[in-house]
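Under the numbering used here, think of the first position of the sequence shown as 4, with each following residue one higher. To start, the structure itself, in structure tokens.
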Amino acid sequence: MIVLSGGTGTPKLLQGFRRIIPDEEITVIVNTAEDIIVSSSFVSPDVDTILYLFSGALDFSKWWGIKNDTFHTNNALKKMGINEKLMLGDADRATCIFRQELIQKGLCLTEATLSLSCALGIKAKILPMCNEKVDTMIKTPEGVLHYQDFWVGARGTPEVLDVEIKGIRKAKPTKEVLDALEYEDNVIIGPSNPITSIGPILALKGINEILKTKKVIAVSPIIGDSPVSGPAGKLMSAKGYPVSSNGVARCYGDILDIMVIDDRDTANESDIGVRTVRFDTIMTSVEKSESLARNILELFRDIR
Ligand code: GDP
4 MIVLSGGTGT
14 PKLLQGFRRI
24 IPDEEITVIV
34 NTAEDIIVSS
44 SFVSPDVDTI
54 LYLFSGALDF
64 SKWWGIKNDT
74 FHTNNALKKM
84 GINEKLMLGD
94 ADRATCIFRQ
104 ELIQKGLCLT
114 EATLSLSCAL
124 GIKAKILPMC
134 NEKVDTMIKT
144 PEGVLHYQDF
154 WVGARGTPEV
164 LDVEIKGIRK
174 AKPTKEVLDA
184 LEYEDNVIIG
194 PSNPITSIGP
204 ILALKGINEI
214 LKTKKVIAVS
224 PIIGDSPVSG
234 PAGKLMSAKG
244 YPVSSNGVAR
254 CYGDILDIMV
264 IDDRDTANES
274 DIGVRTVRFD
284 TIMTSVEKSE
294 SLARNILELF
304 RDIR
């Protein structure tokens, strides 16, 4: 099974899949368009969340970072007048230093991630979507901000005029991503931000054409007219999409076989334009994640 993922909604669903499928059978293709260098350490926020999820270290209260991590380095830097763009915990920082060391030695992001997976004892295949540098840039009335400056630095408050994924046209899906897609038929697009998490993966050369030949089930991160969390609504509006499951389906286009929306959602199948199935998609506990994961697996049986 292949899952396309960002760093919050889809990891919750993966937590459920892990209870019913062995990790060895799970491949996660992860967004890298929010990656950033912080204090000479290579932070790949979505990849890191997935690494920590599978290694059991994730801080589930925040869905980023390592549980019980300390922040001595971040605090020491603050005292010296350096306010880091992201709150990096000390153990979390070690991951990012490890990655940066390997990249500096000439390894690509995929190789560095595989080394990290190995070091953390992870059996799932965690694949960055590409090896090239890709940056999500948010256009606001005050200027263009890197995604992290918009979301973490400015807490997502500026008005959003446009979103650009810088570098995406030159980026290619990796050989590992293409190989995984060649041997697997079932693809899940998790409930992640359609513009900044899933959008960059789908924008990679050739991915759409490949996905049209697969069984693809997407889970909507939007219920009614708002996201469960985060800035997806604002970013979808800026790109001209309605903030609804219908808008999410439009973002993904004709690659979908089934759209999963929440029981409480008012969207309907005729607007969404593909077979639409309703489940409880709010994953407030691991049991709820597991139940949604089971329901999704069942759906694959119906797709020819
Ligand atoms: P990011 O990388 O941190 O932006 O995280 P993602 O893109 O993976 O996930 C963010 C999206 O997940 C948001 O648009 C939320 O609406 C959605 N989300 C978070 N939790 C849930 C949940 O329990 N259910 C559903 N359906 N969506 C969720």
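We put the beta carbon where it would ideally sit given N, CA and C, even for glycine.
Beta-carbon proximity list for residue i, same chain, < 7 Å, skipping 5 on both sides
{"i": "glutamate 28", "result": "Met4"}
{"i": "serine 232", "result": "Thr11"}
{"i": "isoleucine 210", "result": "Pro176 and Ile204"}
{"i": "tryptophan 154", "result": "Pro234"}
{"i": "isoleucine 100", "result": "Ser44"}
{"i": "threonine 13", "result": "Val6, Gly193, Pro194 and Ser195"}
{"i": "serine 120", "result": "Leu54 and Ile129"}
{"i": "lysine 242", "result": "Val166 and Ile198"}
Beta-carbon contacts of residue i that lie in its chain and below 8 Å, excluding the five residues immediately before and after
{"i": "aspartate 26", "result": "Phe57, Ile125, Lys126 and Ala127"}
{"i": "lysine 218", "result": "Asp188, Asn189, Val190, Asp260, Phe303 and Ile306"}
{"i": "arginine 267", "result": "Ile226 and Gly227"}
{"i": "glutamate 145", "result": "Pro161"}
{"i": "isoleucine 171", "result": "Ala36, Val137, Pro203, Ala206 and Leu207"}
{"i": "serine 240", "result": "Val163 and Val246"}
{"i": "arginine 281", "result": "Val263, Ile264, Asp265, Asp266 and Asp268"}
{"i": "serine 229", "result": "Gly236 and Val246"}
Selected residue, minimal CA-CA separation from residue i, among the options
{"i": "threonine 143", "options": "Thr76, Asp165 and Asn189", "result": "Asp165"}
{"i": "proline 245", "options": "Ile198, Thr52, Leu16 and Met90", "result": "Ile198"}
{"i": "isoleucine 261", "options": "Gly227, Arg297 and Asp305", "result": "Asp305"}
{"i": "isoleucine 191", "options": "Gln103, Asp265, Pro131 and Ala296", "result": "Ala296"}
{"i": "lysine 169", "options": "Thr139, Arg96 and Leu89", "result": "Thr139"}
{"i": "leucine 80", "options": "Asn249, Leu214, Val41 and Ala115", "result": "Val41"}
{"i": "asparagine 77", "options": "Val289, Arg96 and Leu123", "result": "Arg96"}
{"i": "glycine 156", "options": "Lys88, Ala115 and Ile106", "result": "Lys88"}
{"i": "threonine 269", "options": "Met286, Glu301, Arg253 and Ser248", "result": "Ser248"}
{"i": "cysteine 133", "options": "Ser120, Asp152, Leu112 and Gln151", "result": "Leu112"}
{"i": "asparagine 370", "options": "Ala115, Gly146 and Asp152", "result": "Residue 370 is absent from the model: the chain starts at 4 and stops at 307."}
{"i": "leucine 181", "options": "Gln107, Ser240, Ala122 and Pro131", "result": "Pro131"}
{"i": "threonine 1", "options": "Ile258, Gly159, Asp274 and Lys237", "result": "Examination of residue 1 is not possible in this model, given that the chain is present from 4 through 307 alone."}
{"i": "tryptophan 67", "options": "Ile171, Asp51 and Thr287", "result": "Asp51"}
{"i": "asparagine 34", "options": "Ile264, Glu135 and Lys242", "result": "Glu135"}
{"i": "isoleucine 275", "options": "Ile285, Asp38, Thr287 and Ala221", "result": "Ala221"}
{"i": "methionine 90", "options": "Ile69, Leu105 and Gly256", "result": "Ile69"}
{"i": "glycine 256", "options": "Arg158, Ser120 and Glu212", "result": "Glu212"}
{"i": "threonine 98", "options": "Leu61, Lys291 and Tyr150", "result": "Leu61"}
{"i": "leucine 123", "options": "Ile106, Glu301 and Ala94", "result": "Ala94"}
Proximal residues to residue i (C-beta, below 6 Å), its chain only, five neighbours per side dropped
{"i": "arginine 22", "result": "Glu293"}
{"i": "valine 251", "result": "Pro197, Ser223 and Ile225"}
{"i": "valine 31", "result": "Val6, Ser8, Ile53 and Ile129"}
{"i": "alanine 36", "result": "Val137, Thr139, Ile168 and Pro203"}
{"i": "glutamate 3", "result": "In this structure the chain extends from 4 to 307, so residue 3 is not present and cannot be described."}
{"i": "glutamate 185", "result": "none"}
{"i": "glutamate 179", "result": "Thr113 and Leu130"}
For residue j and residue i, believed in contact at Cβ under 8 Å, the rounded distance
{"i": "aspartate 72", "j": "glycine 92", "result": "3 Å"}
{"i": "leucine 207", "j": "alanine 183", "result": "The pair is not a contact, with the Cβ atoms about 13 Å apart (cut-off 8 Å)."}
{"i": "serine 64", "j": "arginine 102", "result": "The Cβ separation is near 24 Å, so there is no contact."}
{"i": "glutamine 18", "j": "valine 277", "result": "Actually they do not touch by this definition, with Cβ atoms about 26 Å apart."}
**Uninterrupted alpha helix (DSSP H) stretches inside the region 101-187 (no shorter than 4 residues)** = 112-122 and 178-186
**Item:** In chain order, each alpha helix (DSSP H) run of at least 4 residues that lies wholly inside the region 259-289
**Value:** 272-275
**Asked** Which parts of the region 203-262 are runs of the beta strand (DSSP E), unbroken and 3 residues or longer, counting only runs that do not cross its ends?
**Response** 218-222
**Asked** Which residue spans inside the region 31-78 form an unbroken beta strand (DSSP E) run of at least 3?
**Response** 39-41 and 44-46
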